[in-house]
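Take a look at the structure set out below.
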Amino acid sequence: MKLLGTAAILCGGKSSRMGFDKCRIKLNGRLLLDIIIEKLSEAFEEVILITNNKNRFYYKNVFEDEYKECGPAGGIYTALLNSKSKHLFVMACDMPFLNLQYIYYMNSILEKSKYDCILTQKGNWVEPLYSFYSKDMISLFKKSLEDGKYKLFDIISKSNYFIIEEKVARSFSTDLEMFINLNYLSDLEIIKSRFERVEVDGRNQAL
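Its first residue numbered 1, the sequence shown is counted upward by one per residue in UniProt numbering.
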């Protein structure tokens, strides 16, 4: 398959619910962040990291939030500014189960349409951090952030967006594991069946 444009990993969260920096999670001795970057690089020409403090990272394509303390909306805005491609794939740094086939499917919808944003329905929730965003949304993000309006769905609702039905997403992943993210220490139980060793801040969390 051809390589897509730019993918962004949002790494700026405070991880307050975890109690430690989620970018330091290790699976079988490797940083989860490194695993995500490697996997995304199979599908994208460029992978960038968005953070509130670039000194936390040794990677090359790291960009600091243009607007601080604004949550995911601020991170996506910064990512759009620095994306080399018109359409940008965005995900969080704590999502261990990437599904490249589904990413290509989302991109195929973009190529056949004029949508600004592609999201996925998951129960009563719409997943905003395993999604595509267009550079055409930059001005929309900028105005909302400058007005102090940081709710991501309020911004998305003003764009030309498309929501993929859950049943379609399940045809790629029956349990929707690609949307799993790690917010709490208890969430690490989800991934222990896949990895012999799970470490956080140097502490082994293996069963």
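Using N, Cα and C, we set each Cβ at its ideal position, and we do this for glycine too.
Find the nearest neighbour of E177 within the set D94, F44, M137, E146, judged by alpha-carbon distance.
D94
Tell me which same chain residues have a C-beta within less than 6 Å of the C-beta of K112, skipping the five on either side of it?
none
Using the three-state DSSP reduction, which class does V198 fall into: helix, strand or coil?
strand
Do the stretch 56 to 71 and the stretch 116 to 132 touch if we need at least three Cβ pairs shorter than 8 Å?
no
Quick one: what does DSSP say L49 is sitting in, helix, strand or coil?
strand
Close Cβ partners of D116 (< 8 Å) along its chain, the five nearest in sequence each way excluded
Y133, S134, D136, M137, S159, N160, Y161
Give the range of the beta strand (DSSP E) segment to which I9 is assigned.
4 to 10
Going by DSSP, what residues sit across from M91 in a beta bridge?
I9, Y130
Where the alpha helix (DSSP H) containing I156 begins and where it ends:
152 to 156
In terms of DSSP beta bridges, what is C117 paired with?
Y133, Y161
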